[in-house]
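**Q**
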Amino acid sequence: MHFFYLAHLFLIIVLPIVKQVLRAIGIGVVAYVGINLVINEAKDYAMANLGTLGQSLQMILGLAKFDVAVNIYFAAITTRLLLVGIDRMADRRTKLSTNTTFTA
Numbered sequence: 013m014h015f016f017y018l019a020h021l022f023l024i025i026v027l028p029i030v031k032q033v034l035r036a037i038g039i040g041v042v043a044y045v046g047i048n049l050v051i052n053e054a055k056d057y058a059m060a061n062l063g064t065l066g067q068s069l070q071m072i073l074g075l076a077k078f079d080v081a082v083n084i085y086f087a088a089i090t091t092r093l094l095l096v097g098i099d100r101m102a103d104r105r106t107k108l109s110t111n112t113t114f115t116a
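With positions in the sequence shown counted from 1, the corresponding number in my numbering is that position plus 12.
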């Protein structure tokens, strides 16, 4: 009889919590993989097109560390997208928890 109550407790309380955690992890993984894929494709495209330049121009860009600048640029884009996502999640969380209206 006690096993029935434990199974019932598991189905009512634990299972929805596990589903919610797995759903949150899944959304985060899909977003990360998608953003990472787009950024890497753009970076590969930019670096591949740099290979079509003349040799003297490639050497000048190599001395100027242009590849490092491109990596910094794409890292800044990724960081910006990450911070916007965190802000939106935090904003959504505060909107759900505080639904107070002020009237004058």
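Note that the Cβ used here is the ideal one computed from N, Cα and C, for glycine as well. Since the model is a prediction, treat every value here as computed from it, not as a measurement.
(1) Does DSSP put Ala-19 in a helix, a strand or coil?
(2) Just the C-alpha distance for Asn-61 and Ile-25, rounded to the nearest angstrom, thanks.
(3) Would you mind reading off the limits of the alpha helix (DSSP H) that contains Ile-25?
(4) Out of curiosity, what's the CA-to-CA distance linking Asp-99 and Asn-48?
**A** So, from the listed chains and residues:
(1) helix
(2) Rounded to the nearest angstrom, the gap between the Cα atoms of Asn-61 and Ile-25 is 55 angstroms.
(3) Where Ile-25 is concerned, there is no enclosing alpha helix (DSSP H), because DSSP gives it neither an H nor an E.
(4) Cα to Cα, Asp-99 sits roughly 19 angstroms from Asn-48.
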